[in-house]
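In order, the protein sequence lines correspond to chains A and B. For the first sequence, this note's numbering begins at 14 and goes up steadily by one. For the second sequence, this note's numbering begins at 14 and goes up steadily by one.
Number of protein chains: 2
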Amino acid sequence: MTLDDFRITSSKKFNLTDFDPGGKPLSQGDKAADEARLETLSAELDALQDIFYAEHRRKVLVVLQGMDTSGKDGTVRSVFRSVDPLGIRVVSFKAPTAEELARDYLWRVHAQVPRVGEIVLFNRSHYEDVLITRVHGWIAEAEWERRYKQIRAFESLLTDTGTTIVKCFLHISKDEQKARLEARIADPQKHWKFDTQDLAERKFWKEYEKAYEAAIAATATPDCPWYIVPSDSKTHRNLMVAEIITAVFRQLKPAYPPPKPELAKLRVE
Amino acid sequence: MTLDDFRITSSKKFNLTDFDPGGKPLSQGDKAADEARLETLSAELDALQDIFYAEHRRKVLVVLQGMDTSGKDGTVRSVFRSVDPLGIRVVSFKAPTAEELARDYLWRVHAQVPRVGEIVLFNRSHYEDVLITRVHGWIAEAEWERRYKQIRAFESLLTDTGTTIVKCFLHISKDEQKARLEARIADPQKHWKFDTQDLAERKFWKEYEKAYEAAIAATATPDCPWYIVPSDSKTHRNLMVAEIITAVFRQLKPAYPPPKPELAKLRVE
Numbered sequence: 014m015t016l017d018d019f020r021i022t023s024s025k026k027f028n029l030t031d032f033d034p035g036g037k038p039l040s041q042g043d044k045a046a047d048e049a050r051l052e053t054l055s056a057e058l059d060a061l062q063d064i065f066y067a068e069h070r071r072k073v074l075v076v077l078q079g080m081d082t083s084g085k086d087g088t089v090r091s092v093f094r095s096v097d098p099l100g101i102r103v104v105s106f107k108a109p110t111a112e113e114l115a116r117d118y119l120w121r122v123h124a125q126v127p128r129v130g131e132i133v134l135f136n137r138s139h140y141e142d143v144l145i146t147r148v149h150g151w152i153a154e155a156e157w158e159r160r161y162k163q164i165r166a167f168e169s170l171l172t173d174t175g176t177t178i179v180k181c182f183l184h185i186s187k188d189e190q191k192a193r194l195e196a197r198i199a200d201p202q203k204h205w206k207f208d209t210q211d212l213a214e215r216k217f218w219k220e221y222e223k224a225y226e227a228a229i230a231a232t233a234t235p236d237c238p239w240y241i242v243p244s245d246s247k248t249h250r251n252l253m254v255a256e257i258i259t260a261v262f263r264q265l266k267p268a269y270p271p272p273k274p275e276l277a278k279l280r281v282e
Numbered sequence: 014m015t016l017d018d019f020r021i022t023s024s025k026k027f028n029l030t031d032f033d034p035g036g037k038p039l040s041q042g043d044k045a046a047d048e049a050r051l052e053t054l055s056a057e058l059d060a061l062q063d064i065f066y067a068e069h070r071r072k073v074l075v076v077l078q079g080m081d082t083s084g085k086d087g088t089v090r091s092v093f094r095s096v097d098p099l100g101i102r103v104v105s106f107k108a109p110t111a112e113e114l115a116r117d118y119l120w121r122v123h124a125q126v127p128r129v130g131e132i133v134l135f136n137r138s139h140y141e142d143v144l145i146t147r148v149h150g151w152i153a154e155a156e157w158e159r160r161y162k163q164i165r166a167f168e169s170l171l172t173d174t175g176t177t178i179v180k181c182f183l184h185i186s187k188d189e190q191k192a193r194l195e196a197r198i199a200d201p202q203k204h205w206k207f208d209t210q211d212l213a214e215r216k217f218w219k220e221y222e223k224a225y226e227a228a229i230a231a232t233a234t235p236d237c238p239w240y241i242v243p244s245d246s247k248t249h250r251n252l253m254v255a256e257i258i259t260a261v262f263r264q265l266k267p268a269y270p271p272p273k274p275e276l277a278k279l280r281v282e
């Protein structure tokens with residue numbers, strides 16, 4: 014299987030249940046081989062990003078979504094840590110503040126989009142506004158349908174104006190979440206990561222799956238695809254996200270700005 | 014010599030000319046040894062920052078200043094690239110916009126200070142407002158003296174409220190700048206980094222030295238020290254900044270938040 018099998022570009026025939034969260038479709042064989050491949054990809058990504066930053070012309074936005082404990086933080090750390098801090102920015106969206114709620118839900122998101130030469134990682138995103146809100150019935154069906162349309166229009170604005178958008182759904186099973194929550198409870202050094210609210214949300218697993226499936230189907234387009242990333246294995250998750258992002262940068266073919274012939278005449282005194 | 018010899022904490026007896034930009038006071042012997050030491054420090058910094066982020070209580074602000082080509086970008090890349098992108102943010106201050114000029118000069122700076130658990134790197138900073146402005150006579154002596162006082166008060170506010178501030182002056186010689194500017198001219202892939210304005214500023218080398226010396230002396234305090242980093246050697250510069258930052262984090266002794274005993278009762282279903 015290749016990346017193409019996990020890229021969703023339209024609402025046609027998309028069922029989340031077709032994807033196995035425990036699969037390792039891009040694995041090179043074993044963990045050591047996968048980690049070696051991740052190192053290779055990190056070096057390639059670092060080199061491509063360096064030129065992308067110098068090019069100073071286009072933008073890249075990576076959206077990371079997934080159930081609690083699906084590994085959004087871990088992905089940021091493992092896949093993007095070799096990238097020059099000058100050229101990357103992480104935005105973690107939490108529950109909106111009063112100032113943010115006083116505007117439309119895309120206001121705070123628009124304020125954080127990447128500038129030229131920049132990669133921005135959204136750790137959660139505007140998709141929460143069609144997920145948790147839908148699961149808990151805070152918005153009605155007519156409203157979530159309206160929001161899908163608004164999100165498509167918003168993302169089109171970004172892609173029309175030079176932003177490449179990559180959306181990753183980190184796909185874990187309910188059993189794997191159980192194991193990860195239990196691991197957090199068992200390790201006092203991980204207690205700070207444990208939010209008892211996660212247990213409450215876990216009760217809505219099926220509803221979240223349905224809401225994700227609908228949101229992904231409604232907002233997957235050829236220009237703004239979603240990738241379903243089997244994530245029960247952290248090693249595989251990191252490898253696959255690295256493959257996705259590196260492939261995107263390869264396609265962008267970043268280039269240094271043209272040389273300035275007039276510099277040849279300059280003398281430094 | 015130790016780090017202490019390069020830490021300025023008061024205006025007493027500070028002369029920039031006492032420091033040799035070509036020195037390698039912290040070198041371990043040769044380049045290979047220095048690079049190995051940098052690797053060790055990077056791993057230590059990464060581990061300390063991980064706990065600092067989890068602690069979610071204090072903030073760290075690193076100010077990088079130096080003449081053009083002194084290596085601010087290179088320092089960000091080489092010293093901080095192993096740090097989790099979730100916990101670090103780089104702010105590059107350029108010429109102020111109309112919106113920024115419509116406020117006081119510290120307004121845009123205050124907006125970018127670190128949040129709890131975060132490291133922020135200022136790539137240039139509010140110090141430009143007592144450097145380029147002074148060198149070109151855009152502000153008079155009474156005004157720069159007033160600004161030193163304002164900057165001391167502003168930085169005190171930050172340290173009083175939980176921010177550790179580390180200010181690094183990347184100290185290069187005029188000859189080294191010449192070599193670096195010529196290298197940029199000679200390499201078409203580096204033309205994008207070349208700003209002909211740098212040549213104009215270079216003519217004011219002595220005035221900049223004087224302005225730096227005065228600004229550092231006026232704003233160095235035990236709580237907000239300046240470090241003079243000999244930077245003609247890039248390897249040494251990276252090593253020394255890494256030593257400074259790692260020492261700061263060691264002193265902070267970050268700790269995981271206390272465990273939550275109530276979690277023991279929880280069952281994940």
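Glycine residues also receive a C-beta, built at the ideal position from the N, C-alpha and C atoms. These numbers were taken from a predicted model, which means no experiment stands behind them.
- Between the beta-carbon of T176(A) and that of K72(A) there is about 4 Å, and that keeps the pair under the 8 Å contact cut.
- Annotation: R160(A) has no Cβ neighbours in chain B at a cutoff of 9 Å; minimum Cβ distance is about 27 Å.
- Per the Cβ contact rule, the stretch 37 to 56 of chain A is not in contact with the stretch 199 to 215 of chain A (fewer than 3 Cβ pairs under 8 Å).
- For L194(A), a Cβ of chain B is located within less than 8 Å of the residue's own Cβ.
- Residue pairing by DSSP places Y240(A) opposite R20(A), C181(A) in a beta bridge.
- Boundaries of the alpha helix (DSSP H) harbouring K44(B): 44 to 68, taken from the DSSP string.
- When the beta-carbon positions are compared, S95(A) and H249(A) stay at least 8 Å from each other.
- Taking C-beta separations shorter than 7 Å and ignoring five residues to either side along the sequence, the partners of G36(A) in its chain run P243, following chain order.
- Closer than 8 Å to the CB of Q78(B) there is not a single CB belonging to chain A.
- Linking I145(B) to I164(B) through their CA atoms gives a straight-line distance of about 16 Å.
- Short of 6 Å from the beta carbon of Q78(A), and not among the five residues preceding or following it, lie these beta carbons of its own chain, in chain order: Y140, F182.
- In the DSSP assignment, the residues bridged to K72(B) are T176(B).
- For N136(A), the enclosing beta strand (DSSP E) has its first and last residue at 132 to 136.
- DSSP lists V133(A) as the beta-bridge partner residues of R102(A).
- Beta bridge pairing from DSSP links G79(A) with L183(A).
- The beta carbon of K85(B) sits closer than 8 Å to the beta carbons of L77, Q78, G79, N136, R137, L183 from its chain, once the five residues preceding and following it are set aside; these are given in chain order.
- With respect to the C-alpha of D142(A), the residue from A227(A), L194(A), L99(A) having the closest C-alpha is A227(A).
- Within the model, the alpha-carbon separation for C237(B) versus E52(B) is close to 27 Å.
- Taking V133(A) as reference, the option from F262(A), K187(A), S83(A), L74(A) with the minimal CA-CA separation is L74(A).
- Between the beta-carbon of I229(A) and that of I21(A) there is about 6 Å, and that keeps the pair under the 8 Å contact cut.
- A straight line joining the alpha-carbon of T15(B) with that of Y240(B) spans about 12 Å.
- From the beta-carbon of K191(A), the residues of chain B found nearer than 7 Å are V281.
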